[in-house]
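Structure, as structure tokens:
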Amino acid sequence: MKVVCTDAETQSHHAPAEEFGREGLVAYPEGPRRYDVIRGALQSVGSTDFVAVTNHDDGQLCAVHDADYVAFLQGAYTSWIAAGGVGDLAASVFSGADGRAPANTAAATGFYGFDTTPLTAGTWAATRAAADAALTAADQVAAGDSAYALCRPPGHHASRNRFGGYCYLNHAALAAQSLSATGTVAIVDVDYHHGNGTQQIFYERDDVFFVSLHADPEWEYPLFWGRVDETGARDGVGFTHNVPLPAGIDDASYLAQLASALQRVRAFNPRYLVVSAGFDIWRHDPLGTFALSADGIARVGVSLADLALPTVIVQEGGYDVDTLGDLVLAFLQPFS
Ligand SMILES: [Zn+2]
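All residue numbers for the sequence shown refer to the numbering used here, where the first residue is 672 and numbers rise by one.
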């Protein structure tokens, strides 16, 4: 298996300071050290087959995201500072599902964002570099390998035209879109949170099958998407499959639900697999409520590897930073 890492320096400059958590203002959980520990773990395994990132043009971004959204992400922070803004750029007033983008950058942030996820000086470069990493991994998989993309920030909450949930460009969707040029794709999202952005991007497609196992959005972020009855629209009816799960779910119950979902993937018979790999399903994750053990997470990897498909694994969440590197290694092991 190949390993593609986004640029260390670039991702280090995407470092929001804080967010509103369950107990008020808290340190931002999605920080640069997440990358450092995963990369360090990968480097500690002498046999890791690192592949250099190659550049991909903006046209590939716009196959997944609206051009005006990409332009906003790219220029918003600079415009905000030029207009006298101070610090990170985050919205507190949101458009909801309609309206139109105001010319004022601070106001437009509440149009293109669906929560208080901030834009910082380094955000665009970090997610743009992560997009290149995911697309490089997809290139490897199109050539017959499997590949892991160490992307940071994560991406699966970002939709065609909205950012949020620490996500800006949807790196897994970019990989899937790239692969869909040469065959059908199944995306399996095992992050603790529903992959609402990925679902929206492919919701009307019958060539990309989206499966997500996640905490029940009745009570967990992202709250507004991820119910069982969201199954696709138009040509995509039946090509989205959501599995909301209860707090406290253990290894055996989770793996049984995964096995059932993967039967649907087998029935779809895709040419490629894209995995949105989030490690916030880990029992000690500060943002999670599941009870999966390290062995359980390793067995999630085994279940996915048993599909025996050319696979892109894209890094999503996982916030127990001290354990994150070991969890990633255990998960990837059956793919090597
Ligand atoms: Zn998550």
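Using N, Cα and C, we set each Cβ at its ideal position, and we do this for glycine too.
Since we're looking at a predicted model, the values are computed, not measured.
Open item on the list: Using a 10 Å radius around the Cβ and a threshold of 16 neighbouring Cβ atoms, would you call E889 buried or exposed?
Closed with: On the sequence shown, residue 889 is found 218 positions in, with the first residue counted as 1. Classification for E889: exposed.
Open item on the list: Here's the rule: buried if 16 or more other CB atoms are within 10 angstroms of the residue's CB, otherwise exposed. What is E689?
Closed with: Translated into positions along the sequence shown, residue 689 becomes position 18. Looking at its Cβ environment, which holds fewer than 16 other Cβ atoms inside 10 Å, E689 is exposed.
Task: Host alpha helix (DSSP H) of Y740 (start-end) - done: Working through the sequence shown from its first residue, we reach residue 740 at position 69. For Y740, the enclosing alpha helix (DSSP H) starts and ends at A738 to A753.
- [ ] Alpha carbon to alpha carbon, how far is D803 from A723? Give it in angstroms, no decimals.
- [x] Numbered from its first residue, the sequence shown carries residue 723 at position 52. Numbered from its first residue, the sequence shown carries residue 803 at position 132. Roughly 10 Å between the two C-alpha positions.
Task: Assigned secondary structure, F939 (DSSP; H/G/I helix, E/B strand, else coil) - done: Stepping through the sequence shown from its first residue, residue 939 is reached at position 268. F939 falls in the helix class under three-state DSSP.
Open item on the list: Could you check whether the Cβ of H864 sits closer than 7 Å to any heavy atom belonging to ligand 1?
Closed with: Locating residue 864 in the sequence shown gives position 193, counting from the first residue. Yes - ligand 1 has a heavy atom lying nearer than 7 Å to the Cβ of H864.
TODO: Answer yes or no: the CB of E987 versus the heavy atoms of ligand 1, is any distance below 7 Å?
DONE: Locating residue 987 in the sequence shown gives position 316, counting from the first residue. Checking the Cβ of E987 against ligand 1 gives yes.
- [ ] With A818 as the anchor, note down where its beta strand (DSSP E) starts and where it stops.
- [x] Against the sequence shown, residue 818 aligns to sequence position 147. From DSSP, the beta strand (DSSP E) with A818 extends over A818 to L821.
TODO: Check whether the Cβ atoms of S830 and N775 sit closer than 8 Å, and answer yes or no.
DONE: Counting from 1 along the sequence shown, the entry for residue 830 is found at position 159. Counting from 1 along the sequence shown, the entry for residue 775 is found at position 104. Judged by their CB atoms, S830 and N775 are not nearer to each other than the 8 Å cut-off.
Open item on the list: Report the CB separation of L850 from Y943 in whole angstroms; it is logged as a contact under 8 Å.
Closed with: Walking along the sequence shown from the start, residue 850 turns up at place 179. Walking along the sequence shown from the start, residue 943 turns up at place 272. Contact flag correct, Cβ pair sits at about 4 Å.
Open item on the list: Classify G770: buried if its beta carbon has 16 or more other beta carbons within 10 angstroms, exposed otherwise.
Closed with: Residue numbering aside, residue 770 sits at position 99 when the sequence shown is read from its first letter. Burial call: exposed.
Task: Span separating the alpha-carbon of D878 from that of V899 - done: The residue labelled residue 878 in the question sits at position 207 within the sequence shown. The residue labelled residue 899 in the question sits at position 228 within the sequence shown. So the alpha carbons of these two residues sit roughly 20 Å apart.
TODO: Measure the C-alpha to C-alpha separation of I858 and H865 and round it to an integer number of angstroms.
DONE: For this step, residue 858 is matched to residue 187 along the sequence shown. For this step, residue 865 is matched to residue 194 along the sequence shown. Spanning the two alpha carbons is a distance of roughly 13 Å.
Open item on the list: If you measure between the beta carbons of T725 and D816, is that distance less than 8 Å?
Closed with: Counted from its first residue, the sequence shown places residue 725 at position 54. Counted from its first residue, the sequence shown places residue 816 at position 145. No, the pair does not count as a contact, with Cβ atoms beyond the cut-off.
Task: Between the CA atoms of G784 and L958 - distance to the nearest angstrom - done: The count along the sequence shown starts at 1 and reaches residue 958 at position 287. The count along the sequence shown starts at 1 and reaches residue 784 at position 113. Spanning the two alpha carbons is a distance of roughly 21 Å.
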